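Working notes for the structure below.
Number of protein chains: 2
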Amino acid sequence: MSLPKAIRDVVAVFERLPGIGPKSATRLAFYLLNVPDIFCEEFSDAIGVLKKNIKICKKCFSVADTDLCKVCADKSRNEREICVVDKAIDMLAIERMGVFKGVYHVLGGVINPLEHVGPEDIKIFELLERVRNLETLDKIEVLIATSLTMEGEATALYIKNRIEKLDIEDDMVKITRIGSGLPVGADLEYADEATLSRAMNGRKNM
Amino acid sequence: MSLPKAIRDVVAVFERLPGIGPKSATRLAFYLLNVPDIFCEEFSDAIGVLKKNIKICKKCFSVADTDLCKVCADKSRNEREICVVDKAIDMLAIERMGVFKGVYHVLGGVINPLEHVGPEDIKIFELLERVRNLETLDKIEVLIATSLTMEGEATALYIKNRIEKLDIEDDMVKITRIGSGLPVGADLEYADEATLSRAMNGRKNM
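Top line first, the protein sequences correspond to chains A and B. Here the first sequence is numbered in this note's numbering, starting from 1254 and rising by one per residue. Here the second sequence is numbered in this note's numbering, starting from 1254 and rising by one per residue.
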């Protein structure tokens, strides 16, 4: 049975979202038919204005309501501790912990030659500028928290090399990489070799 | 970290959809930030016009583009074989098989005293009218395909009783219930008692 066009259109847009297949998309579309009209309006409006109302933070390139994101606008955050992430949602994951007191830098992607993403396509130059512009009165830490994928690792290495070439005294900038090993709750039996080898190399005194 | 308002709004609407929790909702909202603007517009429009552009079939109360749904408008369908379903998406599931050649009747719910849904709140009266208005030249079959839940079963029973009380010769209307038993691919070990008991009672000659 071919569905009415209005439903087909909604199914089509839902299907384009990640993790939503044809069956879920159909179920969601039919679900919307049974909700109060006002919810559909709110839904439509929220998505319609999303891109218009979102700003990009001028400092860290995260999402923001105004020119600066909440973190960059917060004077209590330590500007000399910059956590470099791939995308804004990664920053959200770290913020959720509520432990990190530094600031962020959102690259907006990782270096990926297969998809034609080079260092100039992501915010690496801007990161170098940020680091360069910090007064070197006190130590600076750049914590690279890009994903633990091949591309994330390559990007981390690239950033490390570029920061080291900046005209800053060697002992003033500390470059760190987010810890890698077995996730909490993991069973050694099912760990892949790469993760296990990382975990072994990263062993710590108890 | 509190997210920018535009994102929070989108997360909030996604969260209200069935099967989408806070984490998925956030992921979807951030996903939308990275798609071309035109997709967000299409998304917003499709949902915005959904309710306005959907009609309810005058005959079977399914979803339709015009006054009649595709099935009711199709002259080749057998009007004397009415499959009664709970909601329009159930009809879609049966249509997908491509085997059933009769027509449908969408109740728009099942009798559920706990949620204050009585027989008068769903399209039972309209179903009785449909059956009564069919000329009794040939046999009529009403196949009740409401869900196999307590409410679906009660609704089926109620409809059966009401049809039997109609002023139609007894042998002209056949009331059937969709088959119940173990689903295809099921393992007896994991079947619940109610289903297993149904399956045993519904055994057939091989």
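All C-beta atoms in this analysis are idealised placements derived from N, C-alpha and C, irrespective of residue type, glycine included. Just so we're clear, the structure is a prediction, and the values are computed from it rather than from any experiment.
- Here DSSP, grouped into helix, strand and coil, assigns G1351 (chain A) to coil.
- The beta carbon of L1401 (chain A) sits closer than 7 Å to the beta carbons of S1433 from its chain, once the five residues preceding and following it are set aside; these are given in chain order.
- DSSP lists A:V1359 as the bridge partner or partners of V1338 (chain A).
- No Cβ of chain A is located within less than 9 Å of the beta carbon of D1374 (chain B).
- Neighbours of D1262 (chain A) in chain B, taken as residues whose beta carbon is under 7 Å from its own, are A1299 in chain order.
- Taken through DSSP and simplified to helix, strand or coil, T1402 (chain A) comes out as coil.
- Of the residues B:A1326, B:Y1357, B:V1384, the one whose Cα lies closest to the Cα of K1340 (chain B) is B:Y1357.
- For the pair E1404 (chain A) and I1397 (chain A), the Cα-to-Cα distance works out to about 13 Å.
- Within chain B, the residues N1306, D1318 have their CB atoms less than 8 Å from the CB of K1258 (chain A), given in chain order.
- Contacts between E1295 (chain A) and chain B, judged by CB atoms closer than 7 Å, involve V1266 in chain order.
- CA-to-CA, the gap between R1349 (chain A) and I1416 (chain A) works out to about 28 Å.
- Relative to the Cα of T1408 (chain A), the nearest Cα in the group A:D1424, A:G1361, A:D1318, A:D1423 belongs to A:G1361.
- Under the DSSP definition of a beta bridge, L1390 (chain B) lacks any partner.
- The beta carbon of K1354 (chain A) sits closer than 8 Å to the beta carbons of S1329, R1330, N1331, E1334 from its chain, once the five residues preceding and following it are set aside; these are given in chain order.
- Closer than 9 Å to the CB of V1302 (chain B) there is at least one CB belonging to chain A.
- Not a single C-beta of chain A is nearer than 9 Å to the C-beta of N1331 (chain B).
- Going by DSSP, T1319 (chain A) is part of no beta strand (DSSP E) at all; its letter is neither H nor E.
- Per DSSP, R1280 (chain A) is one residue of the alpha helix (DSSP H) stretching across 1275-1286.
- Closer than 9 Å to the CB of Y1284 (chain B) there is at least one CB belonging to chain A.
- Annotation: the continuous beta strand (DSSP E) that includes V1426 (chain A) extends over 1426-1430.
- Note that the C-beta distance between A1282 (chain B) and F1267 (chain B) is below 9 Å.
- Residues of the stretch 1269-1282 of chain A that bring their beta carbon within less than 8 Å of a beta carbon in chain B comprise R1269, L1270, P1271, G1272, S1277, T1279, R1280, L1281, A1282, in sequence order.
- Identification of chain B residues near A1341 (chain A) by a Cβ-Cβ cut-off of 8 Å yields F1283, L1286, ordered along the chain.
- Checking the DSSP bridge columns, you'll see I1397 (chain B) partnered with B:V1337, B:R1430.
- Listed along chain B are M1254, S1255, L1256, P1257, each with a C-beta nearer than 9 Å to that of K1323 (chain A).
- For A1444 (chain A) and E1406 (chain A), the gap between their C-alpha atoms comes out near 19 Å.
- The stretch 1255-1273 of chain A and the stretch 1309-1326 of chain B touch, with three or more beta-carbon pairs separated by less than 8 Å.
- Ranked by Cα distance from P1289 (chain A), the first of B:E1379, B:K1304, B:N1287, B:D1391 is B:K1304.
- A residue is called buried when at least 16 other Cβ atoms come within 10 angstroms of its Cβ; A1259 (chain A) meets this threshold and is buried.
- In the three-state scheme derived from DSSP, where H, G and I count as helix and E and B as strand, N1331 (chain A) is classed as strand.
- With a cutoff of 9 Å on beta-carbon distance, V1264 (chain A) and P1271 (chain A) are scored as not near each other.
- Within 10 angstroms of the beta-carbon of R1383 (chain B) lie 16 or more other beta-carbons, which makes it buried.
- DSSP, reduced to helix, strand and coil, places N1454 (chain B) within a helical segment of the structure shown.
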